[in-house]
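Undergrad:
Chains as they are written, first to last, in this note's numbering: chain A, 8 to 209; chain B, 5 to 190.
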C-alpha cells in the first residue's frame with residue numbers, strides 16, 4: 008500500500024523518470040511560486056479524477072473509456088480553474104492559460120488509464136496523491152533553480168548578492184530545457200549511486 | 005453488438021450530464037465572486053494611477069471610460085479601459101490620462117496571458133512606471149535596450165519586445181479613440 012504512494016515521489020517520478028506532462032513543466036516554472044500553484048492544481052485534478060475513475064471502473068465500456076476519462080478530467084480542471092479565479096485571483100492571473108491546459112496533461116490521463124481503471128479506490132487515491140506530490144516537488148525544484156539564476160530570488164526572496172547579473176536565458180524557454188535536462192541527469196547519477204550502494208551491501 | 009452500442013451511449017451520456025450538472029454548481033458559486041474580483045481589480049488599478057481619486061464614475065453611455073475626481077470634486081483625469089491583442093492572448097489595461105489629454109497619469113495591467121516571467125513583466129512597476137507623465141500629444145513609441153530620449157518614448161522589456169509593442173499599440177489606439185469620443189461629446 009505504502010509503495011503506491013511513494014513510487015510517485017521518487018522511483019516513478021512523473022517528471023524525472025516518466026518525463027510526462029512537459030508542457031506545464033517547461034512553461035510555468037519561471038518562478039517557484041508558479042511551480043507550486045501549478046503543482047497543487049494538478050494534484051487536485053489528478054486525485055479527484057483518479058478516485059472517480061476508480062469508482063466507476065466497472066461500469067465503463069472499454070471502447071469509450073478514453074472519452075469518458077477525458078470528460079471527468081475536464082470537469083475537475085474547469086472546477087479548479089473557477090475556484091482559483093474566485094479565491095486566488097492573482098495566482099490565477101499569473102498562471103494564465105496553463106490552468107485550463109491541465110486537461111491535456113498526460114500524467115492525469117496516464118494515471119486514470121494505467122492505474123485507477125484497474126485498482127480499488129484507496130490504492131488509486133494513494134497512487135494519484137504520490138504522483139501529484141512528486142509532480143509538485145519537481146516543479147518547485149525547477150522553478151527555484153530558474154528563478155534563482157534568472158531573477159536572483161526564490162519564492163520572491165532575494166538570495167543573490169546585489170551585483171549579481173541575472174541570467175535572462177534561464178527564464179526564457181531555453182532555460183527550461185537546460186534546467187530540466189541537467190536535473191534529469193543529476194537524478195540519474197543519484198539513482199545509479201544508490202543502486203551501487205545497495206549491491207555492495209549485498 | 006446493438007447492446008454494446010446502447011451501453012456506450014448510455015455511459016457517455018450519463019458522464020456528460022453529471023459533468024454538466026456539477027459544473028453549473030461550480031459556475032453559480034464562482035461567477036459572482038469572480039465579478040467582484042474583477043470590479044475590485046479595476047477600482048484598485050484606478051486608485052493606483054490616481055492616488056487622490058475618491059470619486060470614480062463611469063462616463064455616460066460608455067462602460068470603458070471612467071472620470072476620476074478628488075474629494076473636492078476637482079477632475080483629476082480619465083481612466084480608460086484599453087484592450088487588444090498581445091503575444092499570447094488579449095491584454096486588458098487601464099490607461100490614466102490627464103483631463104487635457106496631453107500626458108498620461110499612469111498605466112496598470114488588469115489581465116494578460118503573456119509568458120510568465122517575460123511578457124508578464126508588462127504588469128510590473130519597472131515597466132508600468134514609465135507611463136506616468138508620458139507625453140501623448142505625439143504617438144507613444146518604444147525603444148530597445150537603451151534609455152528613451154524623447155518624452156513620448158518608453159523602453160521595451162528585454163526578451164519581450166512583442167508584448168511591449170502590443171501595449172504601446174493598444175494604448176495609442178484606445179487613447180486616440182477616447183480623445184475623439186471626448187471631442188464628439190463637447
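No residue lacks a Cβ here, since even glycine has one placed at the ideal position from N, Cα and C.
Report yes if the C-beta distance between residue 173 (chain A) and residue 156 (chain A) is below 9 Å; otherwise report no.
TA: The count along the first chain starts at 1 and reaches residue 173 (chain A) at position 166. The count along the first chain starts at 1 and reaches residue 156 (chain A) at position 149. Contact flag set, yes.
Undergrad: Mind pulling the alpha helix (DSSP H) runs of 4 or more residues that sit fully within the stretch 104-154 of chain B?
TA: As far as the stretch 104-154 of chain B is concerned, its whole alpha helix (DSSP H) runs of at least 4 residues are 129-132.
Undergrad: Using 8 Å as the cut-off, can you tell me whether the stretch 155-169 of chain A makes contact with the stretch 17-31 of chain A, which would need three or more C-beta pairs spanning the two stretches below that distance?
TA: With the cut-off at 8 Å, the stretch 155-169 of chain A and the stretch 17-31 of chain A do not touch.
Undergrad: Closest by CA to residue 25 (chain B), which one among A:26, A:21 and A:86?
TA: For the purposes of this step, residue 25 (chain B) is identified with residue 21 of the second chain, where counting begins at 1. Cα-wise, what sits closest to residue 25 (chain B) is A:86.
Undergrad: Can you look up residue 209 (chain B) in the DSSP assignment and give me helix, strand or coil?
TA: With chain B represented from 5 up to 190, any question about residue 209 (chain B) goes unanswered, as that position is not in the structure.
Undergrad: Using a C-beta cutoff of 9 Å, does residue 101 (chain A) count as contacting chain D?
TA: Chain labels in this structure do not include chain D; the protein chains are A and B.
Undergrad: How far does the alpha helix (DSSP H) with residue 115 (chain A) in it extend, from its first residue to its last?
TA: Counting from 1 along the first chain, the entry for residue 115 (chain A) is found at position 108. Per DSSP, residue 115 (chain A) belongs to the alpha helix (DSSP H) from 113-118.
Undergrad: Counting pairs of beta carbons, one from the stretch 150-161 of chain B and one from the stretch 84-95 of chain B, are three or more of them closer than 8 Å?
TA: Short answer: they don't touch.
Undergrad: Closer than 6 Å by C-beta to residue 183 (chain A): which residues in its own chain qualify, once you throw out the five before and the five after it? Chain order, please.
TA: For the purposes of this step, residue 183 (chain A) is taken as residue 176 along the first chain, with counting starting at 1. Closer than 6 Å at the Cβ level, and outside the excluded window around residue 183 (chain A), lie 33.
Undergrad: In the DSSP assignment, what residue or residues form a beta bridge with residue 79 (chain B)?
TA: Here residue 79 (chain B) refers to the residue found at position 75 when the second chain is read from its first residue. BP columns for residue 79 (chain B) point to B:73.
Undergrad: Does residue 206 (chain A) come out as helix, strand or coil in the three-state DSSP assignment?
TA: For this step, residue 206 (chain A) is matched to residue 199 along the first chain. Reduced to three states, the DSSP call for residue 206 (chain A) is helix.
Undergrad: Is it right to say residue 188 (chain B) is buried, meaning 16 or more other beta carbons lie within 10 angstroms of its own, or is it exposed?
TA: Along the second chain, one-based indexing puts residue 188 (chain B) at 184. Exposed is the call here.
Undergrad: Could you tell me whether the Cβ atoms of residue 33 (chain B) and residue 93 (chain A) are closer together than 9 Å?
TA: Here residue 33 (chain B) is taken as the residue at index 29 of the second chain, counted from 1. Here residue 93 (chain A) is taken as the residue at index 86 of the first chain, counted from 1. Against a cut-off of 9 Å, the Cβ pair of residue 93 (chain A) and residue 33 (chain B) comes out as a contact.
Undergrad: Counting pairs of Cβ atoms below 8 Å between the stretch 189-201 of chain A and the stretch 38-58 of chain A, do you hit three or more?
TA: The answer is no - the stretch 38-58 of chain A does not touch the stretch 189-201 of chain A, with fewer than three Cβ pairs under 8 Å.
Undergrad: Give the residues of chain B in contact with residue 106 (chain A), contact being defined as C-beta atoms less than 8 Å apart.
TA: By 1-based counting over the first chain, the position of residue 106 (chain A) is 99. The premise fails here: residue 106 (chain A) is roughly 11 Å from chain B at the closest Cβ pair, so nothing lies under 8 Å.
Undergrad: Evaluate contact between the stretch 37-50 of chain B and the stretch 15-25 of chain B, counting only Cβ atoms and requiring at least three cross-stretch pairs below 8 Å.
TA: Verdict: no, contact absent.
Undergrad: Mapping DSSP to helix, strand and coil, what is residue 70 (chain A)?
TA: Taking the first residue of the first chain as 1, we reach residue 70 (chain A) at position 63. Residue 70 (chain A) falls in the helix class under three-state DSSP.
Undergrad: Here's the rule I'm using: 16 or more other beta-carbon atoms within 10 Å means buried, otherwise exposed. How should residue 139 (chain B) be labelled?
TA: On the second chain, position 135 is the one that residue 139 (chain B) refers to. It counts as exposed.
Undergrad: Do you know how far the Cα of residue 143 (chain B) is from the Cα of residue 112 (chain B)?
TA: Sequence index remark: in the second chain, residue 112 (chain B) carries index 108 (1-based). Sequence index remark: in the second chain, residue 143 (chain B) carries index 139 (1-based). Computed Cα separation, rounded: 19 Å.
Undergrad: For residue 163 (chain B), decide whether its Cβ has a neighbour in chain A, counting only Cβ atoms nearer than 9 Å.
TA: Here residue 163 (chain B) is taken as the residue at index 159 of the second chain, counted from 1. Yes - at least one Cβ of chain A is within 9 Å of the one on residue 163 (chain B).
Undergrad: Pick out whichever of A:208, A:21, A:117 and A:26 has its Cα sitting closest to the Cα of residue 72 (chain A).
TA: Within the first chain, numbered from 1, the residue matching residue 72 (chain A) stands at position 65. Closest option to residue 72 (chain A), Cα to Cα, is A:117.
Undergrad: Is residue 90 (chain A) close to chain B? Criterion is C-beta to C-beta, closer than 9 Å.
TA: For the purposes of this step, residue 90 (chain A) is taken as residue 83 along the first chain, with counting starting at 1. Yes, its Cβ sits closer than 9 Å to a Cβ of chain B.
Undergrad: Can you find a CB in chain B that lies within less than 9 Å of the CB of residue 68 (chain A)?
TA: The count along the first chain starts at 1 and reaches residue 68 (chain A) at position 61. For residue 68 (chain A), the answer is yes, since a Cβ of chain B falls inside 9 Å of its Cβ.
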